[in-house]
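Residue numbers (my numbering): 11 to 168.
Don't be surprised by glycine CBs; every beta carbon is placed ideally from N, CA and C.
To start, the structure itself, in structure tokens.
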């Protein structure tokens with residue numbers, strides 16, 4: 011796991027640029043090597059954006075204003091695919107990580123109105139791979155993320 015001067019790893023860069031094939035390959039290698047927390051790696055807190063996971067990079071993306079029909083559909087498909095892959099190599103701590111600004115991936119989902127990502131990430135929280143992950147170390151982070159998901163859903167249902 012190599013990182014650049016800001017702490018971005020190859021997974022951060024591939025996720026940010028919605029390179030589905032590259033993300034899939036990195037995730038496959040991580041799973042093969044049993045690196046279940048590879049996606050938890052965060053950028054440096056002294057850089058901007060600070061303390062971001064690859065998932066945060068994805069949910070913060072917005073489509074170009076010039077995207078029309080098919081281009082938007084392609085962007086949406088790619089963001090969904092990347093968001094589906096990343097939790098496979100993330101712990102609940104990583105999914106509940108807070109940036110230096112205090113925000114989590116759920117804040118970005120709400121502020122960017124990426125409603126289509128909520129079911130994907132909600133499933134990841136209850137997936138069989140993460141059921142045994144909850145322990146004394148990450149219980150608080152898990153509760154915080156689930157509370158924020160609930161708040162986001164309440165906000166969006168108004």
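query: When you compare the region 69 to 87 with the region 37 to 49, are there three or more beta-carbon pairs, one atom per stretch, that lie closer than 8 Å?; result: no
query: With contact counted as at least three CB pairs below 8 Å, one residue from each stretch, are the region 82 to 100 and the region 54 to 61 in contact?; result: no
query: Is the beta carbon of residue 68 less than 8 Å from the beta carbon of residue 25?; result: yes
query: Take residue 65 and list the residues in its own chain whose beta-carbon comes closer than 6 Å to its own, dropping the five residues that flank it on each side.; result: 96, 115
query: Could you check if residue 47 is buried or exposed, using at least 16 other CB atoms within 10 Å of its CB as the buried criterion?; result: exposed
query: With C-beta atoms as the reference, is residue 118 less than 8 Å away from residue 50?; result: no
query: Where do the ends of the alpha helix (DSSP H) carrying residue 90 lie?; result: 79 to 95
query: Exposed or buried, residue 15, counting other C-beta atoms within 10 Å across all chains shown (16 or more means buried)?; result: exposed
query: Comparing alpha-carbon positions, which option in 60, 90, 17, 61 lies nearest residue 29?; result: 90
query: Would you list the residues sitting across from residue 13 in a DSSP beta bridge?; result: 19
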